[in-house]
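Inspection log for the structure reproduced underneath, given as structure tokens.
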Amino acid sequence: MRRRPATTVALYAAAVVVGLFAVAPFAWMLLTSLKPDGEILRRTPALWTAHPQFHRYTDVMHAGFARALRNSVIVASGTTVAGVAVAALAGYALARFDLPLRRYLLLMVMAVQMFPLVVLLIPLFVVMKALGLLDSWLGLVIAYLSFTTPLAVWLLRSFFETIPRDLEEAAMTDGATRFAAMVRVIFPLAGPGLAATAIFSFIAAWNEFLFALTFLKKESLRTLPVALSAFVGQEQADWGLIMAASVLFTVPVVLFFLAVHRRLTTGMVAGSVTG
Numbered sequence: 001m002r003r004r005p006a007t008t009v010a011l012y013a014a015a016v017v018v019g020l021f022a023v024a025p026f027a028w029m030l031l032t033s034l035k036p037d038g039e040i041l042r043r044t045p046a047l048w049t050a051h052p053q054f055h056r057y058t059d060v061m062h063a064g065f066a067r068a069l070r071n072s073v074i075v076a077s078g079t080t081v082a083g084v085a086v087a088a089l090a091g092y093a094l095a096r097f098d099l100p101l102r103r104y105l106l107l108m109v110m111a112v113q114m115f116p117l118v119v120l121l122i123p124l125f126v127v128m129k130a131l132g133l134l135d136s137w138l139g140l141v142i143a144y145l146s147f148t149t150p151l152a153v154w155l156l157r158s159f160f161e162t163i164p165r166d167l168e169e170a171a172m173t174d175g176a177t178r179f180a181a182m183v184r185v186i187f188p189l190a191g192p193g194l195a196a197t198a199i200f201s202f203i204a205a206w207n208e209f210l211f212a213l214t215f216l217k218k219e220s221l222r223t224l225p226v227a228l229s230a231f232v233g234q235e236q237a238d239w240g241l242i243m244a245a246s247v248l249f250t251v252p253v254v255l256f257f258l259a260v261h262r263r264l265t266t267g268m269v270a271g272s273v274t275g
């Protein structure tokens with residue numbers, strides 16, 4: 001069915017409005033990071049400044065932000081890889097195997113997701129202290145898995161259930177083991193689900209503040225959210241540095257999304273061709 005020109009124009013206009021609405025906060029944050037302090041605190045804000053302050057970005061990096069960036073990349077990447085791997089296997093098992101009390105297992109998985117993070121803080125702290133995992137990236141990754149994995153399992157289980165069983169049964173008929181059929185047939189077709197789960201896990205670990213503040217006491221191990229809070233003092237805040245740090249905080253997430261988002265469409269195309 002061919003669209004009318006007016007409908008096409010309206011759709012593009014709506015897409016532009018939504019895009020501008022989404023980009024506007026980041027653009028304002030970027031512009032604010034370049035303004036002198038006097039223009040930031042001015043009653044009537046200006047869109048642009050004649051005297052951009054690019055030195056704030058070097059000041060942020062010299063203040064230990066580069067080290068915190070490395071720490072966040074390590075922790076978020078570890079959480080994403082481990083979380084997606086565990087969730088993929090658990091989601092596949094819940095979707096394909098007739099497990100006893102499977103419905104109640106699913107309810108337990110979602111029930112864990114309903115708990116606020118502050119409720120898990122003290123029990124996890126006691127466990128990490130007993131295992132000697134405080135002040136370590138491994139301990140923080142394990143703590144992050146406690147709130148990223150349950151929803152990831154639920155998401156991937158839903159994706160696996162949409163893939164016909166005939167595909168993996170055909171692969172096993174040709175001599176493949178169930179694990180090989182799962183890795184070579186099911187996982188490629190579940191590309192959109194794996195990509196969505198990876199994006200969710202990465203962003204959740206990247207933005208987390210409470211666990212990082214509690215479990216990491218060494219300054220050399222602190223992540224970006226904790227490092228960003230250091231720019232806010234008890235009596236005043238350097239908004240220029242905060243905005244510059246926030247821009248650097250946002251860029252890796254955008255790059256990760258751009259690197260992963262292709263799987264959101266290529267997996268659908270592969271599924272339609274294979275089916």
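Residue numbers (this note's numbering): 1 to 275. Backbone N, C-alpha and C define an ideal beta-carbon position, used for all residues, glycine too. Here the structure is a predicted model, which is why all the values come from computation and not from measurement.
Buried/exposed call for residue i, threshold 16 Cβ in 10 Å
{"i": "Leu41", "result": "exposed"}
{"i": "Lys218", "result": "exposed"}
{"i": "Val232", "result": "exposed"}
{"i": "Phe115", "result": "exposed"}
{"i": "Thr8", "result": "exposed"}
{"i": "Lys129", "result": "exposed"}
{"i": "Phe97", "result": "exposed"}
{"i": "Met110", "result": "exposed"}
{"i": "Phe21", "result": "exposed"}
{"i": "Phe159", "result": "buried"}
{"i": "Pro45", "result": "exposed"}
{"i": "Glu39", "result": "buried"}
{"i": "Tyr92", "result": "buried"}
{"i": "Arg184", "result": "exposed"}
{"i": "Ser220", "result": "exposed"}
{"i": "Gly240", "result": "buried"}
{"i": "Ala291", "result": "The first residue shown for the chain is 1 and the last is 275, placing residue 291 beyond what the model contains."}
{"i": "Phe297", "result": "Since the first residue shown for the chain is 1 and the last is 275, residue 297 is missing from the structure and cannot be characterised."}
{"i": "Leu107", "result": "exposed"}
{"i": "Gly175", "result": "exposed"}
{"i": "Ala170", "result": "exposed"}
{"i": "Pro25", "result": "exposed"}
{"i": "Tyr104", "result": "exposed"}
{"i": "Val18", "result": "exposed"}
Endpoints, alpha helix (DSSP H) assigned at residue i
{"i": "Gln113", "result": "Arg102 to Met114"}
{"i": "Phe200", "result": "Gly191 to Asn207"}
{"i": "Asp166", "result": "Arg165 to Thr173"}
{"i": "Gly64", "result": "Careful: Gly64 lies outside any alpha helix (DSSP H) and carries neither H nor E."}
{"i": "Glu219", "result": "Where Glu219 is concerned, there is no enclosing alpha helix (DSSP H), given that its DSSP letter is neither H nor E."}
{"i": "Asp37", "result": "Asp37 to Ile40"}
Simplified DSSP assignment, three categories, for residue i
{"i": "Ala46", "result": "coil"}
{"i": "Ala15", "result": "helix"}
{"i": "Ala230", "result": "coil"}
{"i": "Ala237", "result": "strand"}
{"i": "Thr134", "result": "Here residue 134 turns out to be Leu, not Thr, going by the sequence shown. In this structure, Leu134 counts as coil in the three-state DSSP scheme."}
{"i": "Lys129", "result": "helix"}
{"i": "Pro52", "result": "coil"}
{"i": "Thr177", "result": "coil"}
{"i": "Thr80", "result": "helix"}
{"i": "Leu258", "result": "helix"}
{"i": "Leu99", "result": "coil"}
{"i": "Thr162", "result": "coil"}
{"i": "Arg4", "result": "coil"}
Determine, using beta-carbon pairs with one atom in the region 118 to 134 and one in the region 196 to 209, whether at least three such pairs fall under 8 Å. At 8 Å Cβ cutoff, the stretches do not touch.
When you compare the region 243 to 250 with the region 27 to 41, are there three or more beta-carbon pairs, one atom per stretch, that lie closer than 8 Å? Below 8 Å, enough C-beta pairs join the region 243 to 250 and the region 27 to 41 to call them touching: three or more.
Quick check: the region 147 to 161 against the region 80 to 88, are at least 3 beta-carbon pairs closer than 8 Å? When C-beta atoms of the region 80 to 88 are compared with those of the region 147 to 161, three or more pairs fall below 8 Å, so the two segments count as touching.
Can you find at least 3 beta carbon pairs, one from the region 42 to 58 and one from the region 163 to 176, that sit closer than 8 Å? Contact fails: fewer than three Cβ-Cβ distances are below 8 Å.
For the structure I just gave you, are there three or more beta carbon pairs, one from the region 253 to 261 and one from the region 194 to 204, closer than 8 Å? Segment contact: the region 253 to 261 against the region 194 to 204, three or more CB-CB distances shorter than 8 Å; contact assigned.
Counting Cβ pairs, one atom from each stretch, are 3 or more of them under 8 Å apart for the region 97 to 106 and the region 220 to 228? These segments do not touch.
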